[in-house]
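If you want the numbering used here, it's the 1-based position in the sequence shown plus 9.
Have a look at the structure below, then the notes.
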Amino acid sequence: MGYNKSDRLQVKENNIEEKFLEAALKVVSTKTISGTRMQLIADVAGMPKSNLHYYFKTKNNLMLALHRKVMQHFIDERREDLPNCKGELKDHIAMFFKQKLDVILFEPELDFVEIDFWLQANIDQEYKKNMSEAFLMWRQEIKDMMEKYAPDLSNQKKIQLPYIVISLLEGATLQYHLDSTHFDVGTYMDFCVDLMYKQLLSD
């Protein structure tokens, strides 16, 4: 099926916007948000700064869009991994830990940007709101999984275990990037999966 002219223009525009976001990810992951300049992002994207301002009027607009992109990436990854689960509780628990392991090892820039957004959330309420909503959605996904595959869990576990899972995952991010030599992240993730599985099955 072919595209009409307006379709082609839309695809082209979306590609340019995505290119700027990819450039922003690279810059922020090394320079931090406070050290990022619009000109530098335009340079990395290989396009004029005026083009960047056409899509993102301010640096704050761009940073908020980048945050949404990073959070959506995590959501999309989990949705893509779901068909690979065998319908068993342990497989679904492992999915959350595998995703974080893949990010830590193969897409560390996503971790670095997320950490910087944590810091910015202390001084910018819009960042804080977006981050809070993303974590709320993340916890809900974990809770939904638990309710589906471990329906007899106590209400207390249904409430608290999603917080614990995320703490285990984000703790791995900090420890690995600070000291990968002493922190065996693969073994850690396997241990976390077993730990959570046993906890879910316990009375």
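Backbone N, C-alpha and C fix where the C-beta goes; we use that ideal spot for every residue, glycine too.
Reducing DSSP to helix, strand and coil, say where residue i ends up.
i: GLU27; result: helix
i: GLU179; result: helix
i: ILE42; result: coil
i: PHE105; result: helix
i: ILE50; result: helix
i: ASP193; result: coil
i: SER59; result: helix
i: GLN204; result: Strictly speaking, residue 204 in this sequence is Leu, with Gln absent from that position. Of the three classes helix, strand and coil, the one that applies to LEU204 here is helix, per DSSP.
i: LEU162; result: coil
i: TYR12; result: Residue placement at TYR12 is flagged as unreliable, the pLDDT there being 37, under the threshold of 50; the coordinate-derived value follows with that caveat. TYR12: coil per DSSP, three-state reduction.
i: LYS95; result: coil
i: ASP188; result: coil
Are residue i and residue j touching if we call contact CB-CB under 8 Å?
i: VAL202; j: PHE106; result: yes
i: GLU86; j: GLN108; result: yes
i: ALA181; j: MET154; result: no
i: LYS28; j: ALA51; result: no
i: CYS94; j: MET80; result: no
Output the distance between the C-alpha atoms of residue i and residue j, rounded to the nearest integer angstrom.
i: VAL194; j: TYR185; result: 7 Å
i: MET10; j: ILE25; result: For MET10, the pLDDT reaches just 42, beneath the cut-off of 50, and the residue's location in the model is therefore unreliable, leaving the point undetermined.
i: ILE168; j: LEU49; result: 43 Å
i: ASP125; j: MET146; result: 20 Å
i: TRP127; j: PHE144; result: 11 Å
i: LYS157; j: TYR63; result: 45 Å
i: HIS76; j: SER43; result: 14 Å
i: ARG88; j: ASP100; result: 14 Å
i: TYR172; j: ALA32; result: 32 Å
i: SER141; j: ARG148; result: 11 Å
i: TYR12; j: GLU118; result: Confidence at TYR12 is low in this model, with a pLDDT of 37, below 50, so its placement is unreliable and no value can be given for it.
i: LEU183; j: SER189; result: 10 Å
i: ALA130; j: GLU123; result: 10 Å
i: LYS166; j: GLU179; result: 20 Å
i: GLU116; j: ASP161; result: 36 Å
Just checking my contact of residue i with residue j at CB under 8 Å: how many whole Å lie between their CB atoms?
i: LYS58; j: MET47; result: 6 Å
i: LEU30; j: LYS78; result: 5 Å
i: LEU209; j: LEU98; result: 6 Å
i: LEU73; j: ASN139; result: 7 Å
By the DSSP assignment, the alpha helix (DSSP H) with residue i in it spans what residues?
i: LEU71; result: 68-90
i: ASN139; result: 134-158
i: LEU128; result: 117-130
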